[in-house]
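Everything below concerns the one structure shown next.
Listed below in structure tokens is the structure:
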């Protein structure tokens, strides 16, 4: 038994019957990180001591048999955009290189309460701006299936860590595909929940009206367990839903017979990778075999997804990132400064990377007087059309099925100098964020020995159906159980 | 050419809530023990922190809106106003822009001594206060205790044509805010700040010329002086053939001048957009109605009622209604007094107010019932007016029962005609030369004789009776 390849569910079963201890499991995972992460580079910060301390506490809980949750004693990692009290939180930016938050994100508090064991903070594109993890100010994360390829982004460290056995699950954040795309590239299961299902409090914002915190894990069942632990209303986040969190995992064994699965034709684009397309077709056949009814649907405004997303996201980001001003925390470059403006300019010049600067400028431009109506307002109106597309489609089906990405992981360096090509790699994921609907990516095959992801998109707050379909699929397939050789 | 000013006012009023606008920190920055104690990730603008709107602040804002005859928008929204300044931790202020909570109200003010003027209130919107900066020689200190305190910005239309009207508008708004209990009106603590938008134009013209905006006026005096200065400055510019530039001005109170802070070219582009961290405020008709039902009687209505019910003059009524506590005190005293409301009013306006101001005291310092007793004792001639003042002062200083004080101090009035007659006769007999002068035409001496009698009785003799008997004695002594 390889401890580092255990699923959350398996780990929980073994911990519960005391076949293994959390300290044992945590130590094995820390060893794995020590031995493997020099190749992958998924972690920015590894919290060895804290992890073992939390593991010991979890073992006490397990020994007493009190207050045990499915996550008690299970090691996991956090994207470095989630605030952790006393643990450096960088957002993969130089401007926050030495920033240590004074408070925990709500999600972190919830995971602490559940008894999960934090291994460390994972790499990402700086402030979530990127699709390959190459925009990290510190280093690139490598795809565990092929080290010359990207892990995807922005939650690339999270996906690579789960794929390479460096944590049973990970918490990522998805603004336009940042959980799903790297999960697909690295061959793991990843969820972007409904906007407002999981608290954003303490999560360093990229674009407030899109940001969704979600789990990455080895299968849909595990994602369901983690979502149960982190979802719910938060009095610190006015955009969270009041609705009670369902017991997702307990209700996964339902048949998907007669499930109406819509295939949005706009997502099967010309120029799509042949391996991706055939893997998707095979997955659709598999679901049909399980009794699902497949039908073609249209999301007619899909072509506007990218422009709408990249306009609104940069607008919100330009404002969200204003607080990084060198005044209260993080990097402050005040050398030779004559006034506060000099401090702002110098700090932001030296602290932010190129992509961040690019988006701040684009966003500020889109919001300026005289341009607001033509850009921001028009994009907001189009956002409504995108939302309606989904509402219309869901009138005739229960979920939608699409590729997570039209191609598998590209090569490191392949797109980094071409921002537009990089933006285009989000084409299959960006539309769900403006619409707020949940989406889950599930491994469904390989193309050129790189994993391919199938994306399931659901109705508002209907993560349950996504988990149900994915679980049924994963009972019949073993793509999610394949491991990269490292 | 004769010019007239065109004045509009923006009033920033802190809302008296327990907690800040978007977090749970105490909003009472004035009583904070030291800088940066009432702060949290949200009001310090830490990464990842989010705002949650303060329900009470929304209620208070709606209450003010209704008091200013505004319509309350059933759907209002927060927006971000983006700019950089060290007192603004997030790099944006959460405010309201396209959809303020209240719009299109009005307030009646005195345009001058004779005329009333309906000043239109364009809008009232909720926003958060900034931190407080203290500038030292080579650095500045930031105190975030004030960061995120709820503010209501009340914006008038440029409807005022005199500084008096602007002053009356500001004074009335302050009174209303205090009546509603939403703001202490304590200008020294900066809980109420004014901004005046001023332009001037030839009288009888209806053009709107370039205006300047004077920021951060922290007292009525500053509002009046800055406005007067700015009006004169602009008139001088036009008279010498120049043009006024649109700009933002500061007021230097010590030097008594306005100073340019920012020209139109340097004006900020605030890049307003809807605050994505906060859902819009959806207010139901029922909710708005429930707020309306909380509206107390406001100064104008109370003044009218006092005039009608208590036969007071406008100025008497306005004085009493200038403060809710004073108006309530008056009504309570009237309930206890047998004397007329007008008499009670005169006492409050005179001796009582003098004591309040001298001692910086609140009306409750002396029970209204005690004041009523004093007024009645004077009216019933149990004590004289000056003895009444002595009793009131005693109550302010040491408290106690008015009747008891009269007894202890021997202040009871003497109304025994025989006794007073004796004293008057003695004084007249002792001063034959003064009587001669009086008879020769120096009638002002009457008061001197009365005064002598009062002194002889330590002020306790009934003054009316004393005067009557003195006059009678003087006439009897005419040859």
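Protein chains in written order, with the working numbering: chain D, -4 to 481; chain W, 107 to 585. By construction, the Cβ of each residue, glycine as well, lies at the ideal position given by its N, Cα and C atoms. Please read all numbers here as calculations on a predicted model, not as lab measurements.
Taking 7 angstroms as the CB-CB limit, is residue 196(W) close to chain D?
-> Along the second chain, read from residue 1 onward, the residue named residue 196(W) stands at position 90. Chain D, which has a Cβ nearer than 7 angstroms to the Cβ of residue 196(W), makes this yes.
Of all the CB atoms in chain W, is at least one closer than 7 angstroms to the CB of residue 372(D)?
-> For this step, residue 372(D) is matched to residue 377 along the first chain. Residue 372(D) does not count as touching chain W.
Could you name the residues of the region 248 to 282 of chain D whose beta carbon sits closer than 9 angstroms to any beta carbon of chain W, in the order they occur along the chain?
-> none
Within this structure, are the beta carbons of residue 256(W) and residue 148(W) separated by less than 7 angstroms?
-> Taking the second chain and counting its residues from 1, the one referred to as residue 256(W) is at position 150. Taking the second chain and counting its residues from 1, the one referred to as residue 148(W) is at position 42. No. Outside cutoff.
Answer yes or no: does any C-beta atom of chain D fall closer than 7 angstroms to that of residue 375(W)?
-> Along the second chain, read from residue 1 onward, the residue named residue 375(W) stands at position 269. Chain D, which has a Cβ nearer than 7 angstroms to the Cβ of residue 375(W), makes this yes.
Going along the chain, which unbroken runs of the alpha helix (DSSP H) with 4 or more residues stay wholly within the region 279 to 364 of chain W?
-> 326 to 345
Indicate, with yes or no, if the ligand NAD has a heavy atom lying under 6 angstroms from the CB of residue 9(D).
-> Here there are no bound small molecules, and the ligand NAD is not part of this structure.
Along the chain, where does the beta strand (DSSP E) that runs through residue 117(D) open and close?
-> Within the first chain, residue 117(D) is the residue found at index 122, counting from 1. 112 to 117 is the extent of the beta strand (DSSP E) around residue 117(D).
So, using beta-carbon positions, are residue 198(W) and residue 186(W) closer together than 7 angstroms?
-> Translated into positions along the second chain, residue 198(W) becomes position 92. Translated into positions along the second chain, residue 186(W) becomes position 80. Taking 7 angstroms as the Cβ cut-off, residue 198(W) and residue 186(W) qualify as a contacting pair.
Contacts around residue 326(W), its chain only, beta-carbon distance under 8 angstroms, and the 5 residues preceding and following it disregarded | Taking the second chain and counting its residues from 1, one reaches residue 326(W) at position 220. Excluding residues within five positions, the ones whose Cβ falls inside 8 angstroms are 273, 276, 277 and 293.
Measure from the C-beta of residue 160(W) to each C-beta in chain D and report whether the shortest distance is under 7 angstroms.
-> Translated into positions along the second chain, residue 160(W) becomes position 54. No - not a single Cβ of chain D is within 7 angstroms of the one on residue 160(W).
Residue-chain proximity (residue 175(W), chain D), Cβ-Cβ < 7 angstroms | Taking the second chain and counting its residues from 1, the one referred to as residue 175(W) is at position 69. No, residue 175(W) lies away from the interface with chain D (no Cβ there is under 7 angstroms from its Cβ).
What residue does the beta strand (DSSP E) around residue 448(D) start on, and which one ends it?
-> Reading the first chain from its first residue, position 453 is the one you call residue 448(D). From DSSP, the beta strand (DSSP E) with residue 448(D) extends over 445 to 452.
Mapping DSSP to helix, strand and coil, what is residue 375(D)?
-> Looking up residue 375(D) in the first chain gives position 380. In this structure, residue 375(D) counts as helix in the three-state DSSP scheme.
What residues from chain C crowd round residue 364(D), counting only those whose CB sits closer than 7 angstroms?
-> Of the chains in the structure shown, none is chain C; the protein chains are D and W.
Quick one: complete beta strand (DSSP E) runs, 3+ long, within the region 212 to 286 of chain D?
-> 255 to 259
For residue 492(W) and residue 562(W), the rounded distance between their alpha carbons | Translated into positions along the second chain, residue 562(W) becomes position 456. Translated into positions along the second chain, residue 492(W) becomes position 386. Roughly 15 angstroms between the two C-alpha positions.
Would you verify that the beta carbon of residue 322(D) is, or is not, closer than 7 angstroms to some beta carbon of chain W?
-> Translated into the one-based positions of the first chain, residue 322(D) becomes position 327. Yes, its Cβ sits closer than 7 angstroms to a Cβ of chain W.
Which residues DSSP lists as bridging residue 266(W), in chain order | Looking up residue 266(W) in the second chain gives position 160. Per DSSP, 113(W).
If you run the structure through DSSP and keep just helix, strand and coil, what is residue 79(D)?
-> Working through the first chain from its first residue, we reach residue 79(D) at position 84. In this structure, residue 79(D) counts as strand in the three-state DSSP scheme.
Nearest-angstrom beta carbon gap, residue 289(W) and residue 121(W) [assumed within contact, 8 angstroms] = As a working mapping, residue 121(W) is identified with position 15 in the second chain. As a working mapping, residue 289(W) is identified with position 183 in the second chain. Confirmed, about 7 angstroms.
Residue-chain proximity (residue 356(W), chain D), Cβ-Cβ < 7 angstroms = Sequence index remark: in the second chain, residue 356(W) carries index 250 (1-based). No - not a single Cβ of chain D is within 7 angstroms of the one on residue 356(W).
What first and last residue would you give for the alpha helix (DSSP H) that runs through residue 181(D)?
-> What you label residue 181(D) is simply residue 186 of the first chain in a count that begins at 1. Run containing residue 181(D): 175 to 181, per the alpha helix (DSSP H) assignment.
CB of residue 281(W) within 7 angstroms of CB of residue 405(W), strictly = As a working mapping, residue 281(W) is identified with position 175 in the second chain. As a working mapping, residue 405(W) is identified with position 299 in the second chain. Yes. Within cutoff.
Pick helix, strand or coil for residue 419(D), following the three-state DSSP scheme.
-> As a first step, residue 419(D) is located in the first chain; it is residue number 424 there, counting from the start. DSSP places residue 419(D) in helix when its eight states are reduced to three.
Contact check, residue 294(D) vs residue 388(D), beta carbons under 7 angstroms = Here residue 294(D) corresponds to residue number 299 of the first chain, with the count starting at 1. Here residue 388(D) corresponds to residue number 393 of the first chain, with the count starting at 1. Cβ distance < 7 angstroms, so residue 294(D) and residue 388(D) count as in contact.
For the region 116 to 129 of chain D and the region 402 to 413 of chain D, state whether three or more C-beta atom pairs, one from each stretch, are separated by less than 8 angstroms.
-> yes
Minimum Cβ-Cβ distance from residue 589(W) to chain D less than 7 angstroms | In the structure displayed, chain W extends from 107 to 585; residue 589(W) sits before or after that span and is not available.
Which residue comes first and which comes last in the beta strand (DSSP E) that contains residue 226(W)?
-> Along the second chain, read from residue 1 onward, the residue named residue 226(W) stands at position 120. Per DSSP, residue 226(W) belongs to the beta strand (DSSP E) from 222 to 234.
Are the region 32 to 51 of chain D and the region 68 to 79 of chain D touching by the rule of at least three beta carbon pairs closer than 8 angstroms?
-> yes
Determine which residues share a DSSP beta bridge with residue 71(D) and list them.
-> On the first chain, position 76 is the one that residue 71(D) refers to. DSSP lists 113(D) and 164(D) as partners of residue 71(D).
Mind reading off the beta-carbon distance from residue 368(W) to residue 111(W)? Whole number of angstroms is fine, and I expect it under 8 angstroms.
-> Taking the second chain and counting its residues from 1, one reaches residue 368(W) at position 262. Taking the second chain and counting its residues from 1, one reaches residue 111(W) at position 5. Actually they are not in contact, since the Cβ atoms of residue 368(W) and residue 111(W) sit about 22 angstroms apart, beyond 8 angstroms.
Check the Cβ of residue 97(D) against every Cβ in chain W and list those closer than 8 angstroms, keeping chain order.
-> The count along the first chain starts at 1 and reaches residue 97(D) at position 102. Chain W residues near residue 97(D): 147 and 152.
Report yes or no: is there a C-beta of chain D within less than 7 angstroms of the C-beta of residue 239(W)?
-> In the second chain, counting from the first residue as 1, residue 239(W) sits at position 133. No, no contact with chain D.
Pick helix, strand or coil for residue 260(W), following the three-state DSSP scheme.
-> Locating residue 260(W) in the second chain gives position 154, counting from the first residue. If DSSP states are grouped into helix, strand and coil, residue 260(W) belongs with the strands.
For the region 299 to 310 of chain D against the region 393 to 407 of chain D, are there 3 or more C-beta pairs whose distance is under 8 angstroms?
-> no
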